[in-house]
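K.L.:
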Amino acid sequence: MNKRVLITLHIAFWLLVAVIAALAPALARNNGQFLSYWMVAFLFYLTNFYANLCIIFPRWMKTRQLWPMLLSWLGLMIIDTPIIIFINSLFGVYQAGDYWYKTVKFFFHSGWILSMLLPVSIGYQFALDWFRNDRLRRQLENQQLKTELAFLKSQINPHFFFNTLNSIYILAYQQSDKTADAVMRLSDMMQYMLYESNGEQVPLHKEVAYIEQLIALQQLRMLYPDNLQLHVEGALPDITIAPLLLIPFVENVFKHAALNEPNEKVSLQLQVSDRHLTFHCRNKINQDHKDSTGGIGLSNVKRRLGLLYPGKHTLDISTTPTHYMVTLVLTTH
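Residue numbers (the numbering used here): 27 to 359.
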């Protein structure tokens, strides 16, 4: 909320309070003088409210010392007393005689007014601070998401791309007809990774297209390319998803799966129903490849799931001595 809107809301609120608090008694008494008296007194009370809100309470928030704040309130009461006496005398409330009694009365009256105004101003300040902190927290979380997405992009497996370039080089050396197609696929992937995945959400069909390009390039290096397939069920055009959310699972398969065994198919399945998405992958573990890092970006994607889909996803990762399985179910936007 910007400063101009906040000031406008303050003015509108206090005008409403002033009209309601003054108009009802004035109409009941049919007394225009009371209305004038109340409006002057209201401005005075308003000054006390903002003196506490803008001066006394912020200083206490910095020092956290109670006595200076109490002394400030006492000082306000001492200053308020002659002002209240003056206001009342203008409208004939402070009558001649018995000045000492009325002075003491007005002193405690100002204390009573402050005891009503100060908790309200303090409560307002606490509420305002809470909203500001909540907004700041959400801004920090959004910034953290952007940072984590940038980090995820920086974690593109260089080994995969080096091997892909090597495969493309071999195709070019053999003057294969697949060379141009492989270069174009790699170009499309880099374009999506660097330029099209910068938003908070991307169309699911673009994410799937990226995965298909990823698989097609990986198949260039496989002895049995048909063993690696992505099966998609359901309508994709109207579904959006956080960018690069599924990529770490696919790249993890490339890194750890036994891709070159003739009878071992890698199961990659994506099912979409209404606003629910289910992604499942299962692969045999390559026992010759040991890696203690736990996969590419899996901790990162878990963190992003927790922030982007709180209470709207389940992620099940299980491992047997021979196989690795991942099932992700989430409610999309």
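Ideal placement from N, C-alpha and C gives every residue a C-beta, glycine not left out.
Nearest CA to the CA of Leu249: which residue from Leu356, Ala235, Lys291?
P.N.:
Lys291
K.L.:
For Pro229, which of helix, strand or coil comes out of DSSP?
P.N.:
The answer is strand: DSSP assigns Pro229 an E or B state.
K.L.:
Does the contact criterion of 3 or more C-beta pairs under 8 Å hold for the segment 190-201 versus the segment 229-237?
P.N.:
no
K.L.:
With a 10 Å radius around its C-beta and 16 neighbouring C-beta atoms as the bar for buried, classify Phe188 as buried or exposed.
P.N.:
exposed
K.L.:
Starting from Ser213, trace the alpha helix (DSSP H) both ways and give me its first and last residue.
P.N.:
205-217
K.L.:
If we count Cβ pairs, one from each stretch, closer than 8 Å, do we get three or more for the segment 343-354 versus the segment 295-312?
P.N.:
Enough Cβ pairs lie closer than 8 Å, so yes.
K.L.:
Over the uninterrupted beta strand (DSSP E) stretch that includes Leu354, give me the two end residues.
P.N.:
349-357
K.L.:
With a 10 Å radius around its C-beta and 16 neighbouring C-beta atoms as the bar for buried, classify Ile265 as buried or exposed.
P.N.:
Buried, because 16 or more other Cβ atoms sit within 10 Å of the Cβ of Ile265.
K.L.:
Which residues in the same chain have their Cβ closer than 6 Å to the Cβ of Asp252, if we skip the five residues on either side of it in sequence?
P.N.:
none
K.L.:
Answer yes or no: do Leu254 and Ile241 have a C-beta to C-beta separation smaller than 7 Å?
P.N.:
yes
K.L.:
Within the continuous alpha helix (DSSP H) that includes Glu259, where are the two ends?
P.N.:
Looking at the DSSP string, Glu259 is not in any alpha helix (DSSP H); the run it does join, the beta strand (DSSP E), is 254-259.
K.L.:
What do you get for Arg158, buried or exposed, if any count of 16 or more other CB atoms within 10 angstroms of its CB means buried?
P.N.:
exposed
K.L.:
Would the beta-carbon of His339 fall within 7 Å of that of Leu356?
P.N.:
yes
K.L.:
Under 7 Å, do Met215 and Gln239 count as touching if we go by C-beta distance?
P.N.:
yes
K.L.:
Could you tell me which residues DSSP puts in a beta bridge with His339?
P.N.:
Leu356
K.L.:
Count the other CB atoms within 10 Å of the CB of Ser344; is the residue buried (16 or more) or exposed (fewer)?
P.N.:
Looking at its Cβ environment, which holds fewer than 16 other Cβ atoms inside 10 Å, Ser344 is exposed.
K.L.:
Going by other Cβ atoms of all chains shown within 10 Å of its Cβ, with 16 needed for buried, is Leu53 buried or exposed?
P.N.:
At Leu53, the pLDDT of 44 sits below 50, so the modelled position is not reliable; the number obtained from the coordinates is stated separately. That one is exposed.
K.L.:
Helix, strand or coil: which one does DSSP assign to Asn312?
P.N.:
Coil.
K.L.:
First and last residue of the beta strand (DSSP E) that includes Leu294?
P.N.:
292-299
K.L.:
With 16 other CB atoms within 10 Å as the buried threshold, where does His282 fall?
P.N.:
buried
K.L.:
Taking only three categories from DSSP, how would you classify Thr345?
P.N.:
strand
K.L.:
Would you mind giving the Cβ-Cβ distance between Asn326 and Phe177, rounded to the nearest angstrom? I have them listed as a contact below 8 Å.
P.N.:
7 Å
K.L.:
Which same chain residues, not among the five before or five after Gly260, have their C-beta less than 7 Å away from its C-beta?
P.N.:
Gln297, Val298, Ser299
K.L.:
Answer yes or no: do Ile273 and Thr358 have a C-beta to C-beta separation smaller than 7 Å?
P.N.:
no
K.L.:
According to DSSP, Gln267 sits in a beta bridge with which residue or residues?
P.N.:
First, the amino acid is wrong: residue 267 is Ile here, not Gln. Its beta-bridge partners are Val228.
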